[in-house]
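To start, the structure itself, in structure tokens.
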Amino acid sequence: MKKRGLDLPGERTAIMPASLWKRAVAFIIDLLVIDLVIAFPFRNILDKIMPIISIKDAYSYLQSHPDISIKMNIVAIIIGLLALLYFAVIEYKTQQTIGKMFMNIYVKSTAKKLAFWQCLARNMLFIMVFPFILLWIIDPLFAVFTREHRRLSEILSKTMVVGEYPI
Amino acid sequence: MQKQSMKWVVIMVVVIILFVFSLIAAGIVSLFFIADETGKTGIGNVALIPVKGVIMAEKGSGFFGESIVSSTDINSFIEDAGKDSSIKAIIFEIDSPGGSAVASEEIANAIKKVNKTTVALIRESGTSGAYWIASATDYIIANRMSITGSIGVISSYLDFSGLLQDYNVTYERLVAGDYKDIGTPLKKMTNAEREIFQSKIGKIHEFFIDEVAKNRNLPKEKVKEISTGLFYIGSEAKELGLVDELGGKEEAVNYLEKKLNTTIEIVEYVKNPSLLDILSGVFDEKSFFVGKGIGSAFFEKSRTASKVEVWA
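If you read the protein sequences in the order shown, they are chains Z and R.
First residue of the first sequence? That's 124 in our numbering, and the numbers climb one at a time after it.
First residue of the second sequence? That's 107 in our numbering, and the numbers climb one at a time after it.
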């Protein structure tokens, strides 16, 4: 039986660079997931290494305990590497992350098919050592001031975040 | 739709794997980072350092599984609290029968050096070397029934020469230096050796009395009079001037709040178990001590005369 009805054209969409606010919300959702999945098991250790709450107390405590700051750095590096794996593996496998799925945006290679090295490279801001740590400042600036809202890591890794927008 | 649900499956698998990785990584990190570290059990302005067990220079192992507290650990806590600007005072929670004279003096010296108000809180017992430590603090609080004092020195040991004789085992004496094997339990002590031993113990006793008199601001003659090695219960110790106040933790907090004019929040300093402690905890501690402890007690004493211990 042939279905009857009007054969109207579907909504036309175009793939365009994802908007900044969508990317920001997606990133916050991913950070929440990382906090819950990756950082949570380290919370007890961090509490024991440095049982200080206020920033002022923490600063004076770290000043008088340089060994503690080294340990804090090591824990930060481990959490950062696991976060890097979270983004790189999931983006490589699905082109998205949990945050990006909620915001309906995804990662695309500007060259050929998305490769794993590209996924690693675009998330190298999670390597918590110098000079990668500078990307926490440089990357958002690039995202704000470039036409396609691409972070420096994205330009270097030949990737971009896109979304489908109605036209 | 199928594709979307597949994506979620992949994401969930990766997330679960990463969570397991994080747990393992956190476990490994905690073994290396928290082990052998000063563990603070919260945030506060008064450090509580427990001095519980027999006082020794190093942790090692007690012959019969008794609890050991090392002066190295206690001194590192004192140093840590001393450096911490948020710590205004230190309470030493003492429950110890004493121990090595050297270790006791090491702790007492560290207490005197630290630039904080110090309080000794004697629980069940704070005798001998433990009292030496308490005397170095600014203020001593003990329960009226706590056992304290016992200002004396002991270096007694078992003489096995008779037992060896019964089993027809002879001690073949090979020494260079007449007193090299002084204190060995495998031969009877000579009168000359006994005199030497006694004089050295006497000297250590003198040091102990001097320190208590100086620390407690008591006349040396008075301290000498009560330094028979006899223990005193808290109420007696208070009358003798060995203790400042009868009470417990509440009194210690009240004293510090009055003295520092601030609200007291206590943070306990504890030694976190080392990786070795955790692993050895798997085995039965008692059987370990019976095997190693008794053997070394007999053997090490017989092998090295210099191993004779002086306990305060």
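Beta carbons are placed, not taken as given, at the ideal position from N, Cα and C, and that holds for glycine.
Values in this document were obtained by computation on a predicted structure and should not be read as measured data.
(request) Check the Cβ-Cβ distances between V376(R) and every residue of chain Z, and say whether any is below 8 Å. (result) Indexing the second sequence from 1 puts residue 376(R) at position 270. So no, V376(R) is outside the interface.
(request) Return the Cβ separation of M162(R) and S176(R) in integer angstroms, given the expectation that the two are a contact with Cβ distance under 8 Å. (result) The sequence position of residue 162(R) within the second sequence is 56, counting from 1. The sequence position of residue 176(R) within the second sequence is 70, counting from 1. Indeed they touch by this definition, with Cβ atoms about 6 Å apart.
(message) Just to make sure I have the definition right: I need the residues of chain Z whose C-beta is within less than 7 Å of the C-beta of I117(R). Which are they?
(response) To locate residue 117(R), count along the second sequence from 1; it is residue 11. Residues of chain Z passing the Cβ test: I213, T217 and I221.
(request) Look at I373(R) and G204(R) and say whether their C-beta atoms are less than 8 Å apart. (result) Position 267 of the second sequence, counted from the first residue, corresponds to residue 373(R). Position 98 of the second sequence, counted from the first residue, corresponds to residue 204(R). First, the residue type needs correcting, since residue 373(R) is Val and not Ile in the sequence shown. Taking 8 Å as the Cβ cut-off, V373(R) and G204(R) do not qualify as a contacting pair.
(request) Please classify Y361(R): is it buried, with 16 or more other beta-carbons within 10 angstroms of its beta-carbon, or exposed? (result) As a first step, residue 361(R) is located in the second sequence; it is residue number 255 there, counting from the start. Buried, because 16 or more other Cβ atoms sit within 10 Å of the Cβ of Y361(R).
(message) Distance cutoff 8 Å, beta carbons only. Does Y209(Z) sit that close to anything in chain R?
(response) Mapped onto the first sequence, residue 209(Z) falls at position 86. Yes, its Cβ sits closer than 8 Å to a Cβ of chain R.
(message) Tell me the DSSP secondary structure of P289(Z) in three-state form.
(response) Taking the first sequence and counting its residues from 1, the one referred to as residue 289(Z) is at position 166. Note: P289(Z) maps to strand in three-state DSSP.
(message) Check for me: the beta strand (DSSP E) holding R229(R) runs from which residue to which?
(response) The residue given as residue 229(R) occupies position 123 in the second sequence. From DSSP, the beta strand (DSSP E) with R229(R) extends over T223 to T233.
(message) Whether or not the segment 259-276 of chain R and the segment 341-348 of chain R are in contact is what I'm after, with contact meaning three or more pairs of Cβ atoms, one per stretch, closer than 8 Å; do they touch?
(response) no
(request) Classify K113(R) as helix, strand or coil using the three-state DSSP reduction. (result) Taking the second sequence and counting its residues from 1, one reaches residue 113(R) at position 7. Three-state DSSP puts K113(R) in a helix.
(request) List the endpoints of the continuous beta strand (DSSP E) containing M224(Z). (result) Start at 1 with the first residue of the first sequence, and residue 224(Z) comes out as number 101. No beta strand (DSSP E) holds M224(Z); the alpha helix (DSSP H) holding it covers I221 to M226.
(request) With K377(R) as the anchor, note down where its beta strand (DSSP E) starts and where it stops. (result) By one-based count along the second sequence, residue 377(R) stands at place 271. Start and end: I372 to K377.
(request) Return the first residue and the last residue of the beta strand (DSSP E) that P271(Z) is part of. (result) Translated into positions along the first sequence, residue 271(Z) becomes position 148. Checking the sequence shown, residue 271(Z) turns out to be Glu, not Pro. Taken as a continuous stretch (DSSP letters only), E271(Z) belongs to no beta strand (DSSP E), as it is neither H nor E.
(request) State the Cα-Cα distance for the pair S202(R) and G235(R), rounded to the nearest angstrom. (result) The residue given as residue 202(R) occupies position 96 in the second sequence. The residue given as residue 235(R) occupies position 129 in the second sequence. C-alpha separation (whole angstroms): 8 Å.
(message) What does DSSP give as the partner residue(s) for G255(R) in the beta ladder?
(response) Looking up residue 255(R) in the second sequence gives position 149. In the DSSP assignment, G255(R) forms a beta bridge with T233(R) and F337(R).
(request) Check the Cβ-Cβ distances between S187(Z) and every residue of chain R, and say whether any is below 8 Å. (result) Counted from its first residue, the first sequence places residue 187(Z) at position 64. Interface residue, yes.
(request) Could you tell me the distance, in whole angstroms, from the CA atom of A403(R) to the CA atom of V198(Z)? (result) Within the second sequence, residue 403(R) is the residue found at index 297, counting from 1. Within the first sequence, residue 198(Z) is the residue found at index 75, counting from 1. Residue confidence for A403(R) is low, a pLDDT of 44 falling below 50, so the modelled location carries little weight; the figure read from the coordinates is stated next. About 43 Å.
(request) Quick one: give me the first and last residue of the beta strand (DSSP E) that F198(R) is part of. (result) Sequence index remark: in the second sequence, residue 198(R) carries index 92 (1-based). Looking at the DSSP string, the run of the beta strand (DSSP E) that includes F198(R) is A195 to S202.
(message) Is there a Cβ of chain Z sitting closer than 8 Å to that of D190(R), yes or no?
(response) The residue given as residue 190(R) occupies position 84 in the second sequence. With 8 Å as the cut-off, D190(R) counts as an interface residue toward chain Z.
(request) Step through the CB atoms of chain R and report whether any lies within less than 8 Å of the CB of L205(Z). (result) One-based indexing of the first sequence puts residue 205(Z) at position 82. Chain R contact via Cβ: present.
(request) Report yes if the C-beta distance between D186(R) and K165(R) is below 8 Å; otherwise report no. (result) Sequence index remark: in the second sequence, residue 186(R) carries index 80 (1-based). Sequence index remark: in the second sequence, residue 165(R) carries index 59 (1-based). No, these two residues do not count as a Cβ contact at 8 Å.
(message) Quick check: is the beta carbon of F125(R) nearer than 8 Å to any beta carbon in chain Z?
(response) For the purposes of this step, residue 125(R) is taken as residue 19 along the second sequence, with counting starting at 1. Output row for F125(R): interface = yes.
(message) Could you check whether the Cβ of M251(R) sits closer than 7 Å to any heavy atom belonging to the ligand ADP?
(response) Summarising the ligand content, the structure contains no ligands, and the ligand ADP is consequently not present.
(request) Please go through the same chain and pick out, in chain order, the residues whose beta-carbon is closer than 6 Å to the beta-carbon of R135(Z), but skip the five residues on each side of it. (result) Position 12 of the first sequence, counted from the start, is the residue given in the question as residue 135(Z). Correct list, in chain order: I290.
(request) Using a Cβ cut-off of 8 Å, pull out every chain Z residue sitting near S111(R), in sequence order please. (result) What you label residue 111(R) is simply residue 5 of the second sequence in a count that begins at 1. What S111(R) touches in chain Z: nothing, since even the nearest Cβ is about 11 Å away.
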